[in-house]
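Here our numbering is used: position 46 in the sequence shown is 109, and no number is missing along the way.
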Amino acid sequence: MKDIKATILSNVKVKGDYYKIILDAVYIAKHAKPGQFVQVRCASGTEILFRRPFSIHRARSGKIEMLYEVVGKGTEVLSCKRSGECVDVLGPLGNGFTLLPPSTLHPSPILIAGGIGTAPLVFLAEELAKRKIKPIVLIGARTKSLILCEKDFKKAGADVKIATDDASRGYKGFVSGLLEEVIKKGKYSQGAKVYCCGPDPMMKSIASICLKHGLKCEVSLEETMACGIGACLGCVVKLKNGEQKLACKDGPVFDAEKLSLEQ
Numbered sequence: 064m065k066d067i068k069a070t071i072l073s074n075v076k077v078k079g080d081y082y083k084i085i086l087d088a089v090y091i092a093k094h095a096k097p098g099q100f101v102q103v104r105c106a107s108g109t110e111i112l113f114r115r116p117f118s119i120h121r122a123r124s125g126k127i128e129m130l131y132e133v134v135g136k137g138t139e140v141l142s143c144k145r146s147g148e149c150v151d152v153l154g155p156l157g158n159g160f161t162l163l164p165p166s167t168l169h170p171s172p173i174l175i176a177g178g179i180g181t182a183p184l185v186f187l188a189e190e191l192a193k194r195k196i197k198p199i200v201l202i203g204a205r206t207k208s209l210i211l212c213e214k215d216f217k218k219a220g221a222d223v224k225i226a227t228d229d230a231s232r233g234y235k236g237f238v239s240g241l242l243e244e245v246i247k248k249g250k251y252s253q254g255a256k257v258y259c260c261g262p263d264p265m266m267k268s269i270a271s272i273c274l275k276h277g278l279k280c281e282v283s284l285e286e287t288m289a290c291g292i293g294a295c296l297g298c299v300v301k302l303k304n305g306e307q308k309l310a311c312k313d314g315p316v317f318d319a320e321k322l323s324l325e326q
């Protein structure tokens, strides 16, 4: 972990309220792992006191990318920044996904993304590609215009399937229903590992399905993180055994089997 002043190389709108920012951040790019995140100071002075957490979308060639959605003052300010400006970035933070070893013996892992939850899973898919592992990727969105990163996943060699709530593209319904359909077909279910990131209700549904079918599942929780290092205790996560963990320090990736899904 290191606090650096990173130069913005580009900051562009992808679609709708979604943006992608690329930062010159050699130290973070070198040490980042899929599933980890950074804390970004979106504005100087006292206008916005706390940093904002962003999943690392990519880390390569001394640069890091973040895919983010404008949802409040912090991300709105960030979306207005231009190439050449600098931002303070702390990272890499947290614990990432458990990577599968290079092998042709295990079944294809299943990556499940909802909304901005696609961000860390592209990094994971590209890392798996380096290990000669081709996953199946299930992307969920409200409508086809909000589908994110489909081309990025395909470029990484993934078998991509789409679910939209309004049936405008692919499977009609939630991505959890698409997972059930994939499992029923049996092609990917035998011992496959599931990696999931998205809205809490979606991840709870995915975790329940995986537990029902005996699939190992890791979820990346989207929690409010003021400090990102475990000092403020503002991102408590409850486990089934009654323990409490911190999403920023102990996560944001957790074994779904250990989480209390009622939290």
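Ideal placement from N, C-alpha and C gives every residue a C-beta, glycine not left out. In this text, all values refer to a predicted model and were calculated from it rather than measured experimentally.
For residue i, report the span of its alpha helix (DSSP H) as first-last.
{"i": "LYS136", "result": "136-142"}
{"i": "PHE216", "result": "213-218"}
{"i": "VAL150", "result": "Run containing VAL150: none in the alpha helix (DSSP H); it sits in the beta strand (DSSP E), 149-156."}
{"i": "LYS267", "result": "263-276"}
{"i": "THR181", "result": "181-193"}
{"i": "LYS247", "result": "238-248"}
Out of the options, point me to the one whose CA is closest to residue i's CA.
{"i": "ASN74", "options": "LYS65, TYR81, ILE85 and LYS68", "result": "ILE85"}
{"i": "ILE71", "options": "LYS126, HIS276, TYR131 and ILE269", "result": "LYS126"}
{"i": "ASP87", "options": "ASP151, PRO172, SER118 and ARG114", "result": "ASP151"}
{"i": "LEU278", "options": "LEU242, CYS311 and LEU211", "result": "LEU242"}
{"i": "ARG145", "options": "PHE100, MET266 and ALA106", "result": "ALA106"}
{"i": "LEU284", "options": "ILE173, SER271, ALA319 and ARG232", "result": "ALA319"}
{"i": "PHE113", "options": "CYS212, VAL101, ARG123 and ALA122", "result": "VAL101"}
{"i": "LYS254", "options": "ALA230, CYS280 and VAL238", "result": "The sequence given here has Gly at residue 254, not Lys. Among ALA230, CYS280 and VAL238, the Cα nearest to that of GLY254 is on CYS280."}
{"i": "PHE237", "options": "LYS256, HIS94, ILE272 and GLN307", "result": "ILE272"}
{"i": "SER239", "options": "MET288, GLU110 and GLY203", "result": "GLY203"}
{"i": "LEU309", "options": "MET266, LEU201 and LEU156", "result": "LEU156"}
{"i": "ALA226", "options": "LYS217, THR206 and ALA219", "result": "THR206"}
{"i": "LYS83", "options": "MET129, GLY98, ALA92 and ILE111", "result": "MET129"}
Determine the extent of the beta strand (DSSP E) in which residue i is found, giving its start and end residues.
{"i": "LYS83", "result": "81-87"}
{"i": "MET64", "result": "Note, MET64: premise wrong, no beta strand (DSSP E); not H, not E."}
{"i": "GLY177", "result": "173-177"}
{"i": "LEU260", "result": "Residue 260 is actually Cys in this sequence, not Leu. Start and end: 256-260."}
Give the DSSP bridge partners of residue i, in chain order.
{"i": "ASP318", "result": "GLU281"}
{"i": "LEU286", "result": "One point to set straight first is that residue 286 is Glu, not Leu, in the sequence displayed. Bridge partners of GLU286: none, in fact."}
{"i": "VAL333", "result": "Residue 333 lies beyond the residue range present for the chain, which begins at 64 and ends at 326; the question has no answer from this structure."}
{"i": "ASP222", "result": "ILE199"}
{"i": "ARG104", "result": "ASP151"}
{"i": "TYR90", "result": "None; TYR90 has no bridge partner."}
{"i": "ILE210", "result": "BP columns for ILE210 are empty, so no partner."}
Count the CB pairs spanning the region 111-123 and the region 183-192 that are closer than 8 Å, and state whether there are at least three.
-> yes
Taking contact to mean at least 3 C-beta pairs separated by less than 8 Å, is the region 162-181 in contact with the region 249-268?
-> yes
When the Cβ atoms of the region 204-221 are set against those of the region 288-303, are three or more pairs found closer than 8 Å?
-> no
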